[in-house]
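Here my numbering is used: the first residue of the sequence shown is 111, the next is one more, and so on. Glycine residues also receive a C-beta, built at the ideal position from the N, C-alpha and C atoms. None of the values given here were measured: they were computed from a predicted structure. Beneath this line is the structure, given in structure tokens, with notes to follow.
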Amino acid sequence: MVHEDFIRQFFAERAAQFVQVEKKFTNEQIQYLRQYYTTNKCPGIDEIVEIANHLNINNFIYRIYLLNWFCGALIDEIAVQQRRYEATITAA
């Protein structure tokens, strides 16, 4: 039970951080990031620079936010899978 509680807490904290990072971007930028995420869930540094250039982001801190956004999106996706898994176990 402790393990499951830790996992839930971890995903809840990451989700809260993801929401905060998303607030740094415009709706158009988030739409582009989500579209990009469908083809590449884990871009490297060079790709982050390309994304930043495409979005007209020249600030180094915002490039860090881009990295955090992709990490958060991936963790969010894993959290959804975890909840589905827990639901199937509970239903059984």
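Applying the criterion that 16 or more other CB atoms from any shown protein chain within 10 Å of the CB defines a buried residue, is residue i buried or exposed?
| i | result |
| --- | --- |
| Gln119 | exposed |
| Gln139 | buried |
Quick check: residue i and residue j, are their CB atoms within less than 8 Å of each other?
| i | j | result |
| --- | --- | --- |
| Ile185 | Arg124 | yes |
| Phe121 | Cys152 | no |
| Ile158 | Leu177 | yes |
| Gln191 | Ile117 | no |
Go to residue i, then tell me how far its alpha helix (DSSP H) extends in each direction, as first and last residue.
| i | result |
| --- | --- |
| Ile171 | Phe170 to Ala201 |
| Thr148 | Asn137 to Thr149 |
| Ile167 | Segment: none, Ile167 is in no alpha helix (DSSP H) and carries neither H nor E. |
Output needed for residue i: all residues of its chain with C-beta closer than 6 Å, excluding positions within five of it in sequence on either side, in chain order.
| i | result |
| --- | --- |
| Tyr175 | Val131 and Lys134 |
| His113 | none |
Ignore the nearest five residues each way along the sequence and tell me which others in residue i's own chain have a CB closer than 8 Å to its CB.
| i | result |
| --- | --- |
| Gln127 | Asn178 and Gly182 |
| Arg173 | Ile158, Val159, Ala162 and Ile167 |
| Tyr147 | Phe180 and Ala183 |
Can you list, in chain order, the residues of its chain whose CB lies under 7 Å from that of residue i, leaving out five sequence neighbours each side?
| i | result |
| --- | --- |
| Leu165 | Gln139 and Tyr142 |
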